[in-house]
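J.: This is the structure I want to talk about, given as structure tokens.
Rendered as structure tokens:
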């Protein structure tokens, strides 16, 4: 195993639990629609809006890398179907997006990032649409690559290679850290990176076995910092 020169990190469910933030954002969005587009709010409850977004994702696989586009289009459809102004999709999304950034990072994250960033350049690598500046973690990261900005998402090797390029290290000298077996672990290994699987009990209460070749399996980032000597 080649010595690690840089780290890439997934965000959602690796640095913070994502579904509490999404659920809260969807609730706040629906309350906003109740005031700004009441017909839409009456026709689609929170579950209905979520189902519509899932339908749009199924019908438009070409947008799978762009969660913002999927959410905007589902809001436009909801507003149109209810007879409200589809142009309200943009301010509606802004309400959702602002709330989605209010995440609660896991307790180990900030002390671990202190240690990891003191030794390695860190590059965020996410299929989501979190803004590290708004979340409050940008100071630890040298750069950030998102599926939306790059045009493809994990597990496509190209986005991993772009993150390596920005980190300034060859793929086999980069350790990718994430929670998702397919997107993060298998994706990283398939792209030639080293892989660390973060198996948080809050996210993976009954984890399956890590795939062959996984370099680290840890329950939090402080444990990984210890293993890396950071």
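Numbering (my numbering), first residue to last: 1 to 230.
All C-beta atoms in this analysis are idealised placements derived from N, C-alpha and C, irrespective of residue type, glycine included.
Determine the extent of the alpha helix (DSSP H) in which residue 74 is found, giving its start and end residues.
T.: Walking along the chain shown from the start, residue 74 turns up at place 74. Here the alpha helix (DSSP H) through residue 74 covers 67-82.
J.: DSSP three-state call for residue 101: helix, strand or coil?
T.: Sequence index remark: in the chain shown, residue 101 carries index 101 (1-based). Correct three-state label for residue 101: coil.
J.: Measuring only the C-alpha atoms, how far is residue 120 from residue 226?
T.: What you label residue 120 is simply residue 120 of the chain shown in a count that begins at 1. What you label residue 226 is simply residue 226 of the chain shown in a count that begins at 1. Their Cα atoms are separated by approximately 14 Å.
J.: Near residue 155, which residues of its chain fall below 7 Å by C-beta distance, leaving aside the five closest residues on each side in sequence?
T.: Stepping through the chain shown from its first residue, residue 155 is reached at position 155. Within the same chain, residue 155 has close Cβ partners 182, 183, 186, 187 and 190.
J.: To the nearest angstrom, how far is it from the Cα of residue 214 to the Cα of residue 151?
T.: By one-based count along the chain shown, residue 214 stands at place 214. By one-based count along the chain shown, residue 151 stands at place 151. Roughly 27 Å separates the two Cα atoms.
J.: DSSP on residue 203, reduced to helix/strand/coil?
T.: On the chain shown, position 203 is the one that residue 203 refers to. Note: residue 203 maps to coil in three-state DSSP.
J.: Does the Cβ-Cβ distance between residue 82 and residue 40 come in under 7 Å?
T.: Position 82 of the chain shown, counting from 1, holds the residue named residue 82. Position 40 of the chain shown, counting from 1, holds the residue named residue 40. Their beta carbons are under 7 Å apart, which means residue 82 touches residue 40 by this criterion.
J.: Ignoring anything shorter than 4 residues or poking outside the segment 85-157, list the alpha helix (DSSP H) runs there in chain order.
T.: You should have 89-100, 109-119, 132-135 and 147-150.
J.: Roughly how many angstroms separate the alpha carbons of residue 126 and residue 79, rounded to a whole number?
T.: On the chain shown, position 126 is the one that residue 126 refers to. On the chain shown, position 79 is the one that residue 79 refers to. Those two C-alpha atoms are separated by around 29 Å.
J.: Would you report the Cα separation of residue 117 and residue 141, rounded to the nearest angstrom?
T.: Within the chain shown, numbered from 1, the residue matching residue 117 stands at position 117. Within the chain shown, numbered from 1, the residue matching residue 141 stands at position 141. Looking at the two C-alpha atoms, the distance is approximately 7 Å.
J.: What residue from 211, 15 and 216 has the CA that sits closest to residue 111's CA?
T.: For the purposes of this step, residue 111 is identified with residue 111 of the chain shown, where counting begins at 1. With distances taken between Cα atoms, residue 111 lies closest to 15.
J.: Within the continuous alpha helix (DSSP H) that includes residue 40, where are the two ends?
T.: One-based indexing of the chain shown puts residue 40 at position 40. Where residue 40 is concerned, the enclosing alpha helix (DSSP H) stretches over 38-43.
J.: Per DSSP, what are the beta-bridge partners of residue 63 in this structure?
T.: By 1-based counting over the chain shown, the position of residue 63 is 63. Answer by DSSP bridge pairing: none, since residue 63 is not bridged.
J.: Could you name the residues that DSSP lists as bridge partners for residue 180?
T.: Position 180 of the chain shown, counted from the start, is the residue given in the question as residue 180. Beta-bridge pairing links residue 180 to no other residue.
J.: Can you look up residue 27 in the DSSP assignment and give me helix, strand or coil?
T.: Position 27 of the chain shown, counted from the first residue, corresponds to residue 27. Here DSSP, grouped into helix, strand and coil, assigns residue 27 to helix.
J.: I'd like the list of long-range same chain contacts for residue 22, defined as Cβ closer than 8 Å, with 5 residues on each side in sequence excluded.
T.: The sequence position of residue 22 within the chain shown is 22, counting from 1. Around residue 22: 100.
J.: Could you tell me the alpha carbon to alpha carbon distance between residue 199 and residue 19, rounded to whole angstroms?
T.: Against the chain shown, residue 199 aligns to sequence position 199. Against the chain shown, residue 19 aligns to sequence position 19. For residue 199 and residue 19, the distance between alpha carbons rounds to 16 Å.
J.: My guess is that residue 46 and residue 27 are in contact by the Cβ rule of under 8 Å, so how many angstroms apart are they, rounded?
T.: Position 46 of the chain shown, counted from the first residue, corresponds to residue 46. Position 27 of the chain shown, counted from the first residue, corresponds to residue 27. Confirmed, about 6 Å.
J.: Identify, in the order they occur along the chain, each residue of the same chain with its Cβ nearer than 6 Å to the Cβ of residue 195, setting aside the five sequence neighbours on each side.
T.: Reading the chain shown from its first residue, position 195 is the one you call residue 195. Correct list, in chain order: 176, 185, 188, 189, 214 and 215.
J.: Would you check if the distance between the CB atom of residue 34 and the CB atom of residue 53 is smaller than 7 Å?
T.: Within the chain shown, numbered from 1, the residue matching residue 34 stands at position 34. Within the chain shown, numbered from 1, the residue matching residue 53 stands at position 53. No. Outside cutoff.
J.: Verify whether the separation of the beta carbon atoms of residue 153 and residue 171 is less than 7 Å.
T.: Here residue 153 refers to the residue found at position 153 when the chain shown is read from its first residue. Here residue 171 refers to the residue found at position 171 when the chain shown is read from its first residue. Contact flag unset, no.
J.: For residue 26, would you say it is in contact with chain D, using Cβ-to-Cβ distances shorter than 7 Å as the test?
T.: In the displayed structure, chain D is absent; only one protein chain is listed.
J.: Excluding the five sequence neighbours on either side, which residues of its own chain have a C-beta within less than 8 Å of the C-beta of residue 132, listed in chain order?
T.: On the chain shown, position 132 is the one that residue 132 refers to. Cβ neighbours of residue 132 beyond the five flanking positions: 11, 124, 138, 141 and 144.
J.: Locate the alpha helix (DSSP H) running through residue 230, then write down its first and last residues.
T.: Position 230 of the chain shown holds residue 230. Careful: residue 230 lies outside any alpha helix (DSSP H) and carries neither H nor E.
J.: Go ahead and label residue 178 buried or exposed: buried means 16 or more other beta carbons lie within 10 angstroms of its beta carbon, across all protein chains shown.
T.: The count along the chain shown starts at 1 and reaches residue 178 at position 178. Residue 178 comes out buried.
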